[in-house]
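In my numbering, the protein residues as written are 261 to 554. Glycine included, C-beta positions come from ideal geometry on N, C-alpha and C. Values in this document were obtained by computation on a predicted structure and should not be read as measured data. Quick notes on the structure that follows.
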Amino acid sequence: MPAHAVRPSLPAMDTNPTYQGIELDAETALALLEWQVEMGADEPVLDAPVDRFELANRPRPATPAPAPLADLPIQSTPQTSRAGPDPADDLAVRIAEAEALAAAADNLGALAAAQEGFDGLELKKGARNFCFADGKPGSRVLILGEAPGDEEDRQGRPFVGRAGQLLDRMFDAIGLSRAAVDAEQALYIVNVLAWRPPGNRDPNADEISVSMPFVRRHIELAAPDVIVLMGNIPCQAALGRRGILRLRGQWAQAFGRPALPMTHPAYLLRNPPAKREAWADLLSLSARLETLSV
Ligand code: URA
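Below, the structure is given as structure tokens:
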């Protein structure tokens, strides 16, 4: 109790409380109670303490043996028990709708409009802005990231937060920039998800599946020479594999093009020593672009 607080007057009691058989006057009992509260005991549960060590040693009452299966009454499944559509069917319907919309888009503007208007992803309801892409379509390098974070959600552009600033410095170091006008030096940046997942959680498998028709069409229309898979989620989406620390630096094929998994800049911000390997991956990307040009 703070020094300035007025202690409540104690109600008159016919008998004094006892603690472990010892009779206490009311003042002492209250002081003990306050001490317990200060120690963190904030919930009175029982009048008497329970010795849980002693309880653990007591023999357990025998549990009745389960009835043999044959003796159990057979319960028929009521035909009316299904509340709402089967989630698997619903997912298939949403993916089919995304496929149809994406296939119908014959340019990036049409694709952006179709994807933004699509209501098959709950994430859309919680996001502030649609994050379609940034940089120059037609660039030789397309970076496929994970999902918008807080800053991306505010600005409606991928990779504009702290991780995005590091990403810009990394690619600048090999002469590539999202601000470049020449497709040789430019970058195009897309995320697997165009809407921010709440609290920056990882997108789940259904959200990825529903987004993929748009991502595939996006890559077809942007037509890069190579793709950088930035982090685990794009590797899961494009290669069906996670484990970026094993995958990074190993060229693969994704969306019919050479694809290089790299550790995400957010990971590099948390683990600066991993920048050495990221640098090796950037050099590998640069070398690959050289070979593809000849
Ligand atoms: N991380 C990503 O993968 N994408 C963004 O747009 C921002 C952070």
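- Taking C-beta atoms as the reference points, residue 540 and residue 509 count as a pair closer than 9 Å.
- Residue 479 is positioned such that its CB atom lies closer than 9 Å to that of residue 487.
- Taking a 10 Å sphere around the C-beta of residue 455, we find 16 or more other C-beta atoms and assign the residue as buried.
- Residue 418 is a Cβ neighbour of residue 450, given a cutoff of 9 Å.
- In the structure shown, the three-state DSSP call for residue 445 is coil.
- Excluding its 5 nearest sequence neighbours in each direction, residue 359 has C-beta neighbours in its own chain below 7 Å: 473, listed in chain order.
- Residue 424 and residue 513 have their C-alpha atoms some 25 Å from each other.
- At a Cβ-Cβ threshold of 9 Å, residue 383 and residue 458 count as neighbours.
- Exclusion of the five residues before and after residue 357 leaves 380 as the residues of its chain whose Cβ lies within less than 6 Å of its Cβ.
- In the DSSP secondary-structure assignment, residue 487 is bridged to 402, 519.
- A direct Cα-to-Cα measurement between residue 409 and residue 553 gives close to 35 Å.
- In terms of Cα proximity to residue 524, the closest of 516, 542, 518, 515 is 542.
- In the same chain as residue 518, and ignoring 5 residues on each side of it, the C-beta atoms closer than 6 Å to its own belong to 486, 511, in chain order.
- Residue 498 is not a Cβ neighbour of residue 402, given a cutoff of 9 Å.
- Residue 460 sits away from residue 416, with the two beta carbons spaced by 9 Å or more.
- Per DSSP, residue 514 is one residue of the beta strand (DSSP E) stretching across 512-514.
- The C-beta distance from residue 481 to residue 367 rounds to 7 Å, short enough to fall under 8 Å.
- The C-beta separation of residue 516 from residue 504 comes to about 22 Å, leaving the pair out of contact by the 8 Å criterion.
- Assignment of residue 531 by DSSP, reduced to helix, strand and coil, places it in the coil class.
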